[in-house]
Amino acid sequence: MSGEAAAGDQAAEYVPEKVKKAEKKLEENPYDLDAWSILIREAQNQPIDKARKTYERLVAQFPSSGRFWKLYIEAETCVPS
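Position 47 of the sequence shown, counting from 1, maps to 46 under numbering that gives the first Met the number 0, and the rest follow consecutively.
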């Protein structure tokens, strides 16, 4: 039974390889815009509850970027009701 639970947890927390590579690039250079672009695209395809952490990291890294704040605000306000 525990093997099935572990497999279910892995499926629920699947992280695409491109996202893993982008995260590794950001560890080396937190200002790598190519890596951030990958994470932004991934976040835009997720519900805001899952994507919020990425947007928070993004605006913390680039606090004066109106473009990134706009992406975050749009994601927050476009929540289907």
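Glycine included, each C-beta is placed from N, C-alpha and C at the ideal position.
Given the structure is predicted, the values throughout are model-derived calculations rather than measurements.
Whether residue i touches residue j by CB criterion (9 angstroms)
i, j, result
"Thr53", "Ile72", "no"
"Glu41", "Lys24", "no"
"Arg51", "Glu75", "yes"
"Leu70", "Gln43", "yes"
Distance, residue j Cα to residue i Cα
i, j, result
"Gly65", "Tyr13", "31 angstroms"
"Lys19", "Phe67", "21 angstroms"
"Asn28", "Ala59", "15 angstroms"
"Ser36", "Tyr30", "11 angstroms"
"Ile47", "Phe61", "19 angstroms"
"Glu55", "Lys49", "11 angstroms"
"Ile34", "Pro15", "Note that residue 34 corresponds to Ala in the displayed sequence, not to Ile. Ala34 and Pro15: Cα-Cα distance of roughly 13 angstroms."
"Ser63", "Cys77", "22 angstroms"
"Leu57", "Glu26", "13 angstroms"
Residue environment, residue i, which counts as buried when at least 16 other CB atoms sit within 10 Å
i, result
"Leu32", "exposed"
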